[in-house]
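Report on the structure given below.
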Amino acid sequence: MEIRLRPELAELIKQDVKRGSYQTVDEFVERAVSMLHEQEVWLAQNRAEIETEIGEGYAAAQRGELIDADAVRSRLAELKRVPSDKPQRG
């Protein structure tokens, strides 16, 4: 299989390999594809729940039931500290 990448993406891969995180470009690409696949599987398995929660949040916001921004930041920081079985995005 031959894959063509934009030059800026190829450079990012080279930087990661050079940094020592991966031994080869192939190793980097294999890991990247595996991680993306895991995220896509998780999303497919949880799509209905996510859509339900988004709908509930939107309805609550429409009713004026909003959460203070500082409380949200605090909760997000807490979630980052606790290990999760969900793939991390970013």
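Here the sequence shown stands for residues 2 to 91, numbered as in our numbering.
C-beta: ideal position from N, C-alpha, C; glycine also.
Just so we're clear, the structure is a prediction, and the values are computed from it rather than from any experiment.
Quiz prompt | CB contact below 7 Å: Ile-68 versus chain C | solution = Of the protein chains in this structure there is only one, and it is not chain C.
Exercise. Give the C-beta separation of Val-26 and Val-18 to the nearest angstrom, bearing in mind that I take them to be a contact with Cβ-Cβ under 8 Å.
Key: In the sequence shown, the residue the question calls residue 26 occupies position 25. In the sequence shown, the residue the question calls residue 18 occupies position 17. Distance from Val-26 to Val-18 at the Cβ level is roughly 6 Å; contact confirmed, criterion being Cβ atoms closer than 8 Å.
Quiz item: What residues in its chain sit with their C-beta under 8 Å from that of Ala-49, if we drop five residues either side in the sequence?
Solution: For this step, residue 49 is matched to residue 48 along the sequence shown. No residues qualify anywhere along the chain.
Practice problem: May I have the straight-line CA-CA distance separating Leu-10 from Ser-75, to the nearest angstrom? | Solution: Residue 10 sits at position 9 when you count from the first residue of the sequence shown. Residue 75 sits at position 74 when you count from the first residue of the sequence shown. In a straight line, the C-alpha of Leu-10 is about 34 Å away from that of Ser-75.
Self-check item: Collapsed DSSP secondary structure at Leu-10 in the structure displayed
Solution: As a position in the sequence shown, residue 10 is number 9, starting the count at 1. Correct three-state label for Leu-10: helix.
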